[in-house]
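Q: Before I ask anything, here is the structure I am working with.
There are 2 protein chains.
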Amino acid sequence: MELHKFYSSLAIRNDRKIVLLLIDGLGGLSHKDYSYKTELEYANHPNLDRLASIGSTGMLTPVLHGVTPGSGPAHLALFGLDPISFQIGRGVLEALGIGIVPEPTDVLARGNFCTVDDQGYIIDRRAGRISTLVSEERLTLLRDIRLPGSEIELHAVRDHRFVLRLKGMDLSGDIANTDPGTIFEKPKAAKALTPRAESTASLVNTFVEQALDRLKGQPPANALVLRGFSMLPNISGLQELYGLRSAALAIYPMYKGLARAVGMEILECGQTFSDQLRALETHWERYDYFFIHYKYTDSSGEDGDFLSKVNHIETLDNSIEPLVRLDPAVLAITGDHSTPAALKSHSWHPIPLLLVSPTCRRDGSAAFTETVCARGALGHIESKYLMGLLLAHALRLEKFGA
Amino acid sequence: MELHKFYSSLAIRNDRKIVLLLIDGLGGLSHKDYSYKTELEYANHPNLDRLASIGSTGMLTPVLHGVTPGSGPAHLALFGLDPISFQIGRGVLEALGIGIVPEPTDVLARGNFCTVDDQGYIIDRRAGRISTLVSEERLTLLRDIRLPGSEIELHAVRDHRFVLRLKGMDLSGDIANTDPGTIFEKPKAAKALTPRAESTASLVNTFVEQALDRLKGQPPANALVLRGFSMLPNISGLQELYGLRSAALAIYPMYKGLARAVGMEILECGQTFSDQLRALETHWERYDYFFIHYKYTDSSGEDGDFLSKVNHIETLDNSIEPLVRLDPAVLAITGDHSTPAALKSHSWHPIPLLLVSPTCRRDGSAAFTETVCARGALGHIESKYLMGLLLAHALRLEKFGA
């Protein structure tokens, strides 16, 4: 049985509240310029340490040992799904990233404007990196293209990039890229990878033909290529699976989209962590499960800025009191993956996990750091099991077997 | 998806080098005669301890909790294969152990000379443990037996034991033992366990009939039985899976054979650990992944000789400097399984693991011992995941999902 269905089969309802505070890219790496400490070890965070002293700690492996996850699989795992079975395609992810919440019947693709020569061969795959504004103008030329029985939406992303959203019935995302991935070739026709996708491929080709016609003679953006055709994976929501009324307090579109994909409501929550916690207080009574997404630790890790990541951890620690005061039945504080400043990228290293609940086994953790959590009572577990742990600590899973 | 294929799907190439130093039977057991210390705790190994202080430690479970592995599964797991899915049959293992490197199309079996009475009933399953020399003479009588469309090779092992290798096309190892496993029965005919194996079984029976004819009237070795029919599992090599140019520095034939089974090149490397490290230096530039096999800890564990195992650990520690000086991007030091002197055999106990790399999270391990490693930052993982970790630390795995 699939993991989430197994947990679902045991789920019962009550009024105990669960909060998942996700500190994006939380895990760090020993840094030679900072006495071989990690960002979390170097930062001063007395409030998190105090929570560790009354909670249980452990480590999460996002996907599998050694595997560095993108945001998609890292979040789906934390929401209780097997991140290898449920993959979010690049078209869908690009759409989520700009705030589009696709329907399960939509097909999404990433688009690039490009430059072709007189014979139709691509000579610049990025159309000279035209501005978003120019892209927007070009998209306007294409928006009234009509397709039989379905509808096209076009959304500018940044520079030469856009998202194509195809809405209709019986669509399929099993379509190969039209982007040849190199210059001196022509954009390819959309090709169905499965019989089910034949009609969708034909719609895409109709769109592309008309689009090329309209873009002709207007270099540098005189053609387009598409890739990453995909649909939302068929995911049941947290309400349906576990009876959880769930809500997301996320500032960035990507994370709102990922939360929406598992059925969370997206709440307005301002721009800072304190804003997010104010929104949490406001909506406290209305939901059972809150996902709070704190982005800035990941960004500074990606920038390779150790001290900025330290700073963002300290800011969070300074502002966390209102959350503690709400006294959720279960509070989990962790990350989706590691983003060590030393690597300037996501990494495969496990993520520290802190769980505070009246039902947690206090393990005497003296601090919230990677090294302490690696020795914590929760052990080292895969992220996909966290949802089961949260439900259990909220006494929301009944006994299995007699 | 199978584990190694999942890792393979993420593999990228670079020039970072990986060294796996395998200390055979490394794990030990608290011994009542030595203050309840393990061999590794009792031994003095300042160099390994120093590596632990700048690395990450953890524990490997060879197959599953409680399962004592043979050398075959223990090594395959360390090479990244699920040791339960990929089993190496006894015939193949016996062949590997005497330095035969089978082709994937060969069928291998273990053979015993035995003694039968006038009616053909077995009265001594080991033919009075005839010497290897006598065995060799008997095998000479059988070597010119010809089979239609295939070829027989016979290799003496030790005493009354030999290996039968059948070379040809469309052979199958799905054949039941001809050895009844007891005396006062006759050797059985070779019986196919699947339809595909019918023709192979018939070849084996042709061989056995002619062999019995030639051995007749020459007790004690006047008959033979065969068991453990098997073929190499169909394993992709490390080059094909991960783009790793890989080489083994192993002294004993069995380990050369296991390394060969996953596509490693077998390098000449003398008789001592220092010889092995000299060979490592010589070939350093030519490969990406080196497997160094250190045997003597296992042998002394099997002998129940605690102090000899301690000694071999100290010898290795004393000689390790040239390896450290080569400064591989990733150095993993571990065992294939535990061989506690207190048990005089392989055991199921997890194995200490030490990983040194610029990308490892230093966990402040003060020593390289079972107890320290059990609390290390890498946690407790199954051996089959080590390959993914090694690739990750060598930055040879790309991000999974966007």
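Residue numbers (numbering that gives the first Met the number 0), protein chains in the order written: chain A, 0 to 401; chain B, 0 to 401. Backbone N, C-alpha and C fix where the C-beta goes; we use that ideal spot for every residue, glycine too.
#1: Ignoring anything shorter than 3 residues or poking outside the region 251-306 of chain A, list the beta strand (DSSP E) runs there in chain order.
#2: Strictly below 7 Å CB to CB, what residues from chain B border residue 58 of chain A?
#3: Identify the continuous beta strand (DSSP E) that holds residue 376 of chain B and give its terminal residues.
#4: For residue 362 of chain B, return the contacting residues in chain A, with the cut-off set at a CB-CB distance below 7 Å.
#5: Comparing alpha-carbon positions, which option in B:4, B:19 and B:1 lies nearest residue 289 of chain B?
#6: Beta carbon of residue 366 of chain A, beta carbon of residue 51 of chain A: below 7 Å?
#7: Assuming residue 339 of chain A and residue 346 of chain A form a contact by the criterion Cβ under 8 Å, report the distance between their Cβ atoms to the nearest whole angstrom.
#8: Which two residues bound the contiguous beta strand (DSSP E) that contains residue 112 of chain A?
#9: Look at the Cβ atom of residue 205 of chain A, then the Cβ atom of residue 173 of chain A, and state whether they are nearer than 7 Å.
#10: Against residue 89 of chain A, what residues of chain B qualify as contacts under a CB-to-CB distance less than 7 Å, listed in chain order?
#11: Using a C-beta to C-beta distance shorter than 8 Å, which residues of chain A count as neighbours of residue 384 of chain B?
#12: So residue 35 of chain A contacts chain B; which residues on that side make the cut at Cβ distance below 7 Å?
#13: Below 9 Å between beta carbons is the criterion; list the residues of the region 220-235 of chain B that meet it against any residue of chain A, in chain order.
#14: I need the straight-line Cα distance from residue 279 of chain A to residue 309 of chain A, nearest angstrom please.
#15: Which residues in the same chain as residue 226 of chain B place their Cβ atom closer than 6 Å to its Cβ, once the five residues preceding and following it in sequence are excluded?
#16: For residue 312 of chain B, which residues in the same chain have their Cβ closer than 7 Å to its Cβ, ignoring the five residues on either side in sequence?
#17: At a CB distance below 7 Å, what residues from the region 389-400 of chain B approach chain A? Give them in sequence order.
#18: For residue 208 of chain A, does the three-state DSSP call read helix, strand or coil?
#19: Can you give me the C-alpha to C-alpha distance between residue 302 of chain A and residue 342 of chain A, rounded to a whole angstrom?
#20: Does the beta-carbon distance from residue 162 of chain B to residue 94 of chain B come in below 7 Å?
#21: Determine the direct distance from the alpha carbon of residue 53 of chain B to that of residue 68 of chain B, and round the result to whole angstroms.
#22: Which residues share a DSSP beta bridge with residue 164 of chain A?
#23: Give the range of the alpha helix (DSSP H) segment to which residue 0 of chain A is assigned.
#24: Once you ignore the five residues that flank residue 291 of chain A on each side, which residues in its own chain have a CB closer than 6 Å to its CB?
#25: Contact check, residue 87 of chain B vs residue 321 of chain B under 8 Å by CB: the rounded distance?
#26: Just to confirm my understanding: we take residue 33 of chain A, look at its own chain, exclude 5 residues before and 5 after, and list those with CB closer than 8 Å. What are they?
#27: Counting only runs that start and end within the region 49-114 of chain A, where is the beta strand (DSSP E) found for 3 or more residues in a row?
#28: List, in order along the chain, the chain B residues whose C-beta lies closer than 8 Å to that of residue 24 of chain A?
#29: Can you find a CB in chain A that lies within less than 7 Å of the CB of residue 269 of chain B?
#30: Cutting at 6 Å between CB atoms, please list the residues of its own chain near residue 79 of chain B, excluding the five before and the five after it.
#31: Judging by CA-CA distance, which residue of B:114, B:335 and B:376 is the nearest neighbour of residue 182 of chain B?
#32: Evaluate the contact criterion for the region 233-244 of chain B versus the region 112-130 of chain B: three or more CB pairs, one atom per stretch, below 8 Å.
#33: Identify every residue that forms a DSSP beta bridge with residue 222 of chain B.
#34: Can you give me the Cβ contacts of residue 348 of chain B inside the same chain, cut-off strictly under 6 Å, excluding the 5 residues immediately before and after it?
#35: For residue 290 of chain B, which residues in chain A fall below 9 Å Cβ to Cβ?
#36: Would you verify that the beta carbon of residue 242 of chain B is, or is not, closer than 7 Å to some beta carbon of chain A?
A: Answer, in terms of the structure:
#1: Counting whole runs of 3 or more residues, the region 251-306 of chain A contains the beta strand (DSSP E) stretches 288-293.
#2: Those within 7 Å of residue 58 of chain A in chain B are 378.
#3: For residue 376 of chain B, no beta strand (DSSP E) encloses it, and the DSSP letter there is neither H nor E.
#4: Here the neighbours are 370 and 373.
#5: Cα-wise, what sits closest to residue 289 of chain B is B:19.
#6: Here residue 366 of chain A is near residue 51 of chain A, since their CB atoms are less than 7 Å apart.
#7: That pair is a contact at about 6 Å.
#8: Unbroken beta strand (DSSP E) run through residue 112 of chain A: 106-115.
#9: Their beta carbons are not under 7 Å apart, which means residue 205 of chain A does not touch residue 173 of chain A by this criterion.
#10: For residue 89 of chain A, the residues of chain B that pass the 7 Å Cβ criterion are 401, in the order they occur in the chain.
#11: Chain order gives the chain A residues near residue 384 of chain B as 63, 64 and 65, where near means a beta carbon separation below 8 Å.
#12: Residues of chain B with a Cβ closer than 7 Å to the Cβ of residue 35 of chain A are, in chain order, 361.
#13: Listed in sequence order: no entries.
#14: Pairing residue 279 of chain A with residue 309 of chain A, the inter-Cα distance amounts to about 25 Å.
#15: Result list for residue 226 of chain B: 109, 176 and 178, in chain order.
#16: Excluding residues within five positions, the ones whose Cβ falls inside 7 Å are 38, 39, 42, 44 and 296.
#17: In summary, the residues of the region 389-400 of chain B whose CB is separated from some CB of chain A by less than 7 Å are 390, 391, 396, 398, 399 and 400, in the order they occur in the chain.
#18: Looking at residue 208 of chain A - three-state DSSP - the assignment turns out to be helix.
#19: Going from the Cα of residue 302 of chain A to the Cα of residue 342 of chain A covers about 9 Å.
#20: Cβ atoms of residue 162 of chain B and residue 94 of chain B: closer than 7 Å.
#21: Distance between the alpha carbons of residue 68 of chain B and residue 53 of chain B: 30 Å.
#22: Answer by DSSP bridge pairing, in chain order: A:107 and A:152.
#23: That residue, residue 0 of chain A, is in no alpha helix (DSSP H); it is neither H nor E in DSSP.
#24: The residues 20, 248 and 275, in chain order, have a CB closer than 6 Å to that of residue 291 of chain A in the same chain once the five nearest residues on each side in sequence are set aside.
#25: In this structure residue 87 of chain B is not in contact with residue 321 of chain B, their Cβ atoms being roughly 32 Å apart against a cut-off of 8 Å.
#26: Hits under 8 Å: 41 and 305.
#27: Listed in chain order, they are 55-60.
#28: Within 8 Å Cβ-Cβ: nothing; residue 24 of chain A doesn't reach chain B, min ~13 Å.
#29: In terms of beta-carbon proximity, residue 269 of chain B stays away from the interface with chain A, with every pair separated by 7 Å or more.
#30: Within the same chain, residue 79 of chain B has close Cβ partners 3 and 386.
#31: Checked all of B:114, B:335 and B:376; the closest Cα to residue 182 of chain B is B:114.
#32: At 8 Å Cβ cutoff, the stretches do not touch.
#33: Answer is B:113.
#34: 26 and 337, listed in sequence order.
#35: Residues of chain A passing the Cβ test: none, with the nearest at roughly 18 Å.
#36: Not one chain A Cβ lies under 7 Å of residue 242 of chain B.
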